[in-house]
Amino acid sequence: MAEQHRFSRGRFLRLSAMMAGGAVLVGCNLEEGGGPPGSGNGGGEDVDFSKIQAGGQSQELEKLAEDWKPYDGEPVEISVWMYTPDERSLNAYKKAFEKKYSNIKLKYVIYPEANYVTKINVALQAHNPPDVAIVEEKGWMKAGLVADLAPFYEAWGIRVEDFAPGGVGRFTLEDGPKQGVFGVGDFLAGNVMMFNKDLFDQAGADYPPVDRSLEWPEYAELCRQVAQPNEDPTKAVYCGSVPDWGFGIYGKWLFGPDGRRVFGHMNSEEHIEAWNLGSALVRDKISPGQILDTVGEPDLFTQKGTAMVWTDFTFVRDYEAAGINFGIVPSPVQTGSVSFVDTWTTAWGTFVESKNHHAALTFLEFMGTDAQRIRAEVSVDPPLSLKIAEEIDYGAGDPIQEEYLKVLEAGAKPQVFVPPLPEGGWEPAEVYNDMTVQGKTDAKPILEAETKQTQPLLDQAWKDWDALERS
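First residue of the sequence shown: 0, per numbering that gives the first Met the number 0; consecutive thereafter.
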């Protein structure tokens, strides 16, 4: 049996590689972010980064790539901007990095996720961006504001093919690594379904499969079999997550395989069916609806108030601590779709106009190498590097991690790229309101209208995107 698990882990790693085409944290110098340089105290308004001038990859960066060696100059402090940090991992990174490079100190700065992009935009406009940051906006890459790390990867002893494609998609553009590699990631996150085995047993229901996604008709039927509805939400046992983003979590369902067409996708019979079935679960109080105004789904799952939850894999230790006997499976998909699990990473990069490139790149090299192993030691998450995951035998002896790898093997796939839509484009929250709060039962006319409204905006988004070229 152990050999079978070992084979499954290796097979997932090989298959994934083939698919590749503010508070102060304890032990860290992490400051609460105020206004970035050039913004005064207020942080400024949103900035159109397409109008921020950049000179492209600098001669300094080109020279560093040609003759790479880690920074060995005078002591320096580099700024690292982020949002929603993983404290334990950051503490471990800082300790190991500053021990290895005693001449470089890390200054972690955290901003609220809601205005993080604005903070970076204002700093870019002031020509004073941080040394290292989470590269959250792909427009920064497209406009030539982010340093291309492709020339450095070989010098660092890493290859983009070594990393899981779902993560690579976070720091590359629409045509993949051939357009540049604008960051490194340190872990592989996954959005999966978890179910309470005890509640399924009480209902006499079969467990959902680990090796494939349930289609929406199967998912809805299973949820109705397990749920125990009650007019008193404190006594109800719900089953299943039905978030507004869940119906289109795989971008090709909405925008097609190339991300350019919503007709025949957003208004497809399969998408309509998913909305009709999913929203009915909420209307019938099978899946949690308004109760989530007071409690989040992960907390509800921990309290045994719902038998199935759509969640980040990172929460598994919380569920273990709560004594939940749970399993992990892929997320539901439209009828006829391949299985799917959304995966990603934190994309760490440096900007063309950052002041301390050499030290910043030394930290990014660390994130692409040493941090991969550290992350797997201090958290439940696997490293983004499939090569390192195989070297350390990630998941061996841990049933939860082994099951997670099976789920990733079944469903992890790269996302389709879609440029940011102008205001007035696809709004799943509005559809969700119509289908749950307003009580509408047929998604067809709603999705037909959304499709007609979104296509011209998508066409314009692609025109704007294609015009945003690196210098």
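Beta carbons: idealized from backbone N, C-alpha and C, even for Gly.
Hey, would you say residue i sits closer than 8 angstroms to residue j, going by beta carbons?
i	j	result
Ala349	Asp71	Checking the sequence shown, residue 349 turns out to be Thr, not Ala. Not in contact: Thr349 and Asp71 (Cβ atoms no closer than 8 angstroms).
Phe181	Val134	yes
Lys405	Val209	yes
Asp147	Thr344	no
Tyr206	Phe339	no
Val328	Phe194	yes
Leu253	Trp464	no
Gly165	Ala409	no
Val121	Val351	no
Trp215	Ala149	no
Thr361	Tyr100	yes
Arg169	Ala346	yes
Asn190	Asp392	no
Glu269	Thr334	yes
Glu59	Asn102	no
Tyr92	Asp243	no
Ala460	Pro427	no
Thr83	Met265	no
Val332	Ser212	yes
Ala132	Trp80	yes
Thr435	Asn275	no
Leu363	Val183	yes
Thr305	Glu319	no
Tell me whether residue i sits in a helix, a strand or coil according to DSSP, three-state version.
i	result
Gly322	coil
Gly34	At Gly34, the pLDDT of 37 sits below 50, so the modelled position is not reliable and the matter cannot be decided from this model.
Thr368	coil
Gly247	helix
Leu105	strand
Val436	coil
Pro287	coil
Asp465	helix
Asn275	helix
Met192	strand
Ala22	Residue placement at Ala22 is poorly supported in this model, since its pLDDT is 38, which falls under 50; the coordinates are not used for a value here.
Val167	helix
Cys27	Low confidence applies here, because Cys27 scores a pLDDT of 48, under 50, leaving its location unreliable; read the following figure in that light. Reduced to three states, the DSSP call for Cys27 is coil.
Leu456	helix
Thr450	helix
Gly175	strand
Val145	strand
Ile445	helix
Val134	coil
Phe151	helix
Val332	strand
Val183	strand
Ile327	strand
Phe416	coil
Phe162	strand
Met140	helix
Arg259	coil
Pro128	coil
Check the C-beta distance from residue i over to residue j and give it rounded, since I have them as a contact under 8 angstroms.
i	j	result
Ser330	Phe162	Not really, about 22 angstroms apart at Cβ, beyond 8 angstroms.
Leu420	Leu457	6 angstroms
Thr313	Val379	7 angstroms
Ala219	Gly138	The pair is not a contact, with the Cβ atoms about 38 angstroms apart (cut-off 8 angstroms).
Leu187	Pro381	5 angstroms
Lys234	Val415	Not confirmed; about 42 angstroms, so no contact.
Leu172	Lys141	6 angstroms
Glu449	Gly326	Glu449 to Gly326, Cβ: 35 angstroms. No contact.
Just to confirm, does residue i get its C-beta within under 7 angstroms of one of the non-hydrogen atoms of the ligand FAD?
i	result
Gly247	The ligand FAD is not part of this structure, which contains no ligands at all.
Are the stretch 371 to 381 and the stretch 107 to 124 touching, with three or more C-beta to C-beta distances below 8 angstroms? Short answer: they don't touch.
Go through the stretch 208 to 238 residue by residue and report every complete run of the alpha helix (DSSP H) that reaches 4 residues or more, in order. Counting only unbroken stretches of 4 or more residues, the alpha helix (DSSP H) elements lying wholly within the stretch 208 to 238 are 215 to 225, in sequence order.
Can we say the stretch 58 to 69 touches the stretch 136 to 156, given the rule of at least three CB pairs closer than 8 angstroms? Verdict: yes, contact present.
The stretch 443 to 452 touching the stretch 291 to 306, judged by at least three CB pairs closer than 8 angstroms: Fewer than three beta-carbon pairs drawn from the stretch 443 to 452 and the stretch 291 to 306 are found closer than 8 angstroms, and the two stretches are therefore not classed as touching.
Using 8 angstroms as the Cβ pair cut-off and three pairs as the minimum, do the stretch 384 to 396 and the stretch 100 to 108 touch? In short, these stretches do not touch, since the Cβ pair count stays below three.
Is there contact here, the stretch 170 to 177 with the stretch 273 to 289, by at least three beta-carbon pairs under 8 angstroms? With a cut-off of 8 angstroms on Cβ pairs, the stretch 170 to 177 is not in contact with the stretch 273 to 289, counting fewer than three such pairs.
May I ask you to verify whether the stretch 248 to 266 touches the stretch 311 to 327, counting CB pairs closer than 8 angstroms and requiring at least 3? Result no; under three Cβ-Cβ pairs closer than 8 angstroms.
What alpha helix (DSSP H) runs, 4 residues minimum, are completely inside the stretch 336 to 412? You should have 356 to 367, 369 to 377, 385 to 390, 398 to 410.
For the stretch 239 to 249 and the stretch 348 to 368, state whether three or more C-beta atom pairs, one from each stretch, are separated by less than 8 angstroms. Counting Cβ pairs under 8 angstroms, fewer than three are found: no touch.
Only counting runs of 4 or more residues, tell me where the alpha helix (DSSP H) segments fall wholly within the stretch 68 to 96, in order along the chain. DSSP runs (the alpha helix (DSSP H)) wholly in the stretch 68 to 96: none.
Kindly confirm or deny that the stretch 276 to 283 and the stretch 297 to 304 touch, where touching means at least three C-beta pairs closer than 8 angstroms. Using a C-beta cut-off of 8 angstroms, the stretch 276 to 283 makes no contact with the stretch 297 to 304, since fewer than three inter-stretch Cβ pairs fall below that distance.
On the three-pair Cβ rule with 8 angstroms, is the stretch 214 to 232 touching the stretch 196 to 203? Verdict: yes, contact present.
Which ranges would you report for the beta strand (DSSP E) in the stretch 293 to 318 if only whole runs of at least 3 residues count? Counting whole runs of 3 or more residues, the stretch 293 to 318 contains the beta strand (DSSP E) stretches 307 to 311.
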